[in-house]
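**Student:**
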Amino acid sequence: MKLTRIAIEGFRSIADLPELGIGAPTLLTGHNDAGKSSILDAIRFLLNDYALLERDRTYVANQEEGLEENQSGRRVPQSWVEGVFALSEVEQTELGLGDRCEVASSAWW
Numbered sequence: 009m010k011l012t013r014i015a016i017e018g019f020r021s022i023a024d025l026p027e028l029g030i031g032a033p034t035l036l037t038g039h040n041d042a043g044k045s046s047i048l049d050a051i052r053f054l055l056n057d058y059a060l061l062e063r064d065r066t067y068v069a070n071q072e073e074g075l076e077e078n079q080s081g082r083r084v085p086q087s088w089v090e091g092v093f094a095l096s097e098v099e100q101t102e103l104g105l106g107d108r109c110e111v112a113s114s115a116w117w
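By the count of this note's numbering, the sequence shown reaches residue 117 at its end, each step adding exactly one.
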């Protein structure tokens, strides 16, 4: 199986990432606190290698006047990650699936 696409919502600083294509190679670049490690941990969560904690929840955008974003302290009620995997012919035969498989992990708070 090869991960080809990921979508993330409500995970740390990633409020909504509808699609991130994964290729060969895929490079994650950005300044400190841009979300690079969050994307990697979201993939770990998808693969059941990371248990979400309270601090992993995205803050709800604050609409109240006079308060900066995140000052409300409220967080989203759900975090989820979805991945699309390309399957080899052997995997398709062994699993009885088509050429791709979609997998999702979510946590409700």
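Yeah, the Cβ is synthetic: ideal placement off N, Cα and C, and Gly gets one too.
Since residue 41 sits in a beta bridge, which residues does DSSP pair it with?
**Tutor:** Taking the first residue of the sequence shown as 1, we reach residue 41 at position 33. Answer is none; residue 41 lacks a bridge partner.
**Student:** Going by DSSP, what residue range makes up the beta strand (DSSP E) through residue 25?
**Tutor:** The sequence position of residue 25 within the sequence shown is 17, counting from 1. Where residue 25 is concerned, the enclosing beta strand (DSSP E) stretches over 22-29.
**Student:** Among the residues of its own chain, which have a CB less than 6 Å from the CB of residue 11, if the five just before and after it don't count?
**Tutor:** In the sequence shown, counting from the first residue as 1, residue 11 sits at position 3. Cβ neighbours of residue 11 beyond the five flanking positions: 30, 91, 93.
**Student:** Along the beta strand (DSSP E) that carries residue 11, what are the first and last residues, could you check?
**Tutor:** Residue 11 sits at position 3 when you count from the first residue of the sequence shown. Per DSSP, residue 11 belongs to the beta strand (DSSP E) from 10-19.
**Student:** Please name the residue or residues paired with residue 91 in a DSSP beta bridge.
**Tutor:** The residue labelled residue 91 in the question sits at position 83 within the sequence shown. According to DSSP, residue 91 bridges with 14, 111.
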